[in-house]
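Going left to right, the sequence shown walks through residues 2 to 454 as my numbering numbers them.
By construction, the Cβ of each residue, glycine as well, lies at the ideal position given by its N, Cα and C atoms.
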Amino acid sequence: MTTYDYDLFTIGAGSGGVRASRMAAQYGARVAIAEEYRIGGTCVIRGCVPKKLFVYASHFGEDMEDAAGFGWQMSQPSFSWETLIRNKDREIDRLNGVYITNLEKAGVAIVNEHAELVDNHTVRLASGRTLTAATILIATGATPFVPADVSGIEHAITSNEAFHLETLPNHIVVVGGGYIAVEFAGIFNGLGVKTTLLYRGDEILRGFDEDLRTGLREEMTKKGIDVRIGSDVEDLKKNKTGVKVTLKGGEVLETGLVMYATGRVPNVQGLGLEAAGVVVDKKGAVQVDGFSKTNVENIYAIGDVTNRANLTPVAIREGVSFAETVFNDNPLTVDHSIIATAVFSQPPLGTVGLTETEARKRYEEVDVYKSRFRPMKHTLSGRDEQTLMKLLVDPKTDRILGVHMMGPDSGELIQAVGIAVTMGATKAQFDATIAVHPTAAEELVTMREKWTG
Ligand code: NDP
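And the structure:
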């Protein structure tokens, strides 16, 4: 028996912290979890889940247009943002309740307060109460970053506020070129908001395969989004109708709303990491080893606060391996080398493994298989939209190094493909798999001709 109040004190009740806490409790630990906002964390409360609901909402306009080619005639459809927000909030409340119930059922004590480390075994709550624990888990996630050097930045919103807008603007400027920027540009555009995306670099989605980057920009542009690359904001000024955006170079855009999606930073402010002696890197990310242990023997950190791969399923996996290691005597690390991921842009992207650029850096030779085609549905809808499938293969071992796709349901498809790639599948094994016809995914097992550029 320890003399501490708890065996585990978790700070942050997001996906990772909740999973780790529940598992530790199930292994017999006395666990408490602190959360200063809402139980469920970014993904459930103001991230993946409401975002995906918005993506569904925004797709119906296009679906209704596409239906005409299949014989459907509809009278003028209308959209109510208010209804969407109300229904979304109800679903988020339900999920929040499920998370609370699951923690309670597991016997985890919930502390709805900000918690700060006082030393490596003690946390002080906002109310002033202090609690001690043998092990401390930091799972505080990340928070939107906005560049403070842009004058008038206080007039911009982030994704946090986008989930609670009272009304939709007529026009929005989205700044950034990462996951959140392209997803929200698609959402707003699909909901009928005139949308401009400003990205400072030479192509959106840095770090993704080049073909997906260019392909998605082209498709977004076809859908009416004004995607401007090599474009950045000089300053923002509030005016009567919204915000006046002056670009570097002098051009001025008048818009109803500006949303910054320029990355996220680890949530370490006011956590007392210094007092506990926990080391962070230049970006504030808590430094951990393969078991998610910090430089302090009894303090661990998982999820976005460690800035490894900032994805919910990764945080959950890190939480599981932490609980197994510390509370079930089963040391487990997480393999971050192959992670399938989706961008819920319109069209969506799915990707796993190396990009072509990365593969060419690491391997002497890389075989590329590529197929670009119009999805069958659009032969009747008439929509000008392309699907892209790409396989990268190491010719020496025949192993699949990367799979990249753009097109309907790519997020669903890449999950299954991710299993094969994680298992080390070869191109010959893909080829030996009988196709499912007629699907877009059959391209993955029928591409025979190497791409020669
Ligand atoms: P990202 O890191 O993906 O992208 C940030 C973007 O902002 C980049 O395009 C970056 O440009 C640009 N940027 C950064 N600083 C500035 C600046 N000062 N001025 C102008 N532009 C700037 O961050 P996101 O906010 O999009 O998403 C955060 C993380 O959340 C993602 O990395 C991802 O891990 C996770 N996420 C995952 C989702 C999913 O799985 N579908 C969905 C949403 C988020 P540059 O390329 O030049 O650096």
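One thing to note: threonine 11 has its Cβ no nearer than 8 Å to the Cβ of leucine 199. Note on threonine 84: under 16 other CB atoms within 10 angstroms of its CB, so exposed under the neighbour-count rule.
Among the bridge pairs identified by DSSP, arginine 265 is matched with Pro145. Going by DSSP, alanine 134 is part of the beta strand (DSSP E) stretching over 131-139. The alpha-carbon of aspartate 210 is positioned some 7 Å away from that of histidine 405. A residue is called buried when at least 16 other Cβ atoms come within 10 angstroms of its Cβ; glycine 42 meets this threshold and is buried. By the beta-carbon neighbour count (other beta carbons within 10 angstroms, threshold 16), lysine 52 is buried. By the CB criterion at 8 Å, leucine 393 and alanine 360 fall inside the cutoff. Rounded to the nearest whole angstrom, the C-alpha separation of arginine 449 and arginine 400 is 15 Å. Set against 7 Å, the gap from the CB of aspartate 210 to the closest heavy atom of the ligand NDP is not smaller. Taking all protein chains in view, the Cβ of phenylalanine 61 is surrounded by fewer than 16 other Cβ atoms within 10 Å, so the residue is classified as exposed.
Sequence-distant Cβ neighbours of valine 45 in its own chain, meaning closer than 6 Å and more than five residues away, are Leu96. Residue range 313-328 is occupied by the alpha helix (DSSP H) that includes threonine 326. For phenylalanine 374, the beta-bridge partners assigned by DSSP are Thr388. With fewer than 16 neighbouring CB atoms inside 10 Å of its own CB, proline 439 falls in the exposed class.
In the three-state reduction of the DSSP assignment, lysine 195 falls in the strand class. The three-state secondary structure of phenylalanine 431, taken from DSSP, is helix.
Pairing threonine 398 with lysine 362, the inter-Cα distance amounts to about 17 Å. Between the C-alpha atoms of arginine 125 and threonine 334 there is a straight-line separation of about 30 Å. The secondary-structure analysis by DSSP pairs aspartate 236 across a beta bridge with Ser152 and Thr247.
Residue pairing for phenylalanine 10: DSSP places it in a beta bridge opposite Ala33 and Ile137. A distance below 6 Å between beta-carbons, with the five flanking residues on each side excluded, links isoleucine 101 to the following residues of its chain, in chain order: Ile40. Per DSSP, the beta bridge partners of glycine 403 are Gly354 and Leu393.
Rounded to the nearest whole angstrom, the C-alpha separation of threonine 222 and alanine 116 is 45 Å. In terms of Cα proximity to tryptophan 73, the closest of Pro396, Phe80 and Met65 is Met65.
In this structure, the CA atom of leucine 104 is about 13 Å from the CA atom of alanine 30. For the set Ile173, Thr144, Glu167 and Leu169, the Cα lying nearest the Cα of alanine 157 is the one of Ile173. Within the segment 34-101, the runs of alpha helix (DSSP H) that reach at least 4 residues and sit entirely inside it are, in chain order, 42-47 and 49-68. In the structure shown, threonine 334 adopts coil according to DSSP, grouped into three states. Taken through DSSP and simplified to helix, strand or coil, alanine 182 comes out as helix. In the structure shown, the three-state DSSP call for lysine 283 is coil. Taking non-hydrogen atoms of the ligand NDP into account, the C-beta of threonine 342 is found less than 7 Å away from one of them. The beta carbon of glutamate 325 lies closer than 6 Å to those of Asn331 and Leu333 in the same chain, with the five residues before and after it left out. It is roughly 9 Å from the alpha-carbon of aspartate 212 to the alpha-carbon of lysine 391. Closer than 7 Å to some heavy atom of the ligand NDP: that does not describe the Cβ of isoleucine 188.
For glycine 191, same chain residues with a beta-carbon under 7 Å away, outside a window of 5 residues either side, are Ser59, His60, Gly62, Glu63 and Gln347 in chain order.
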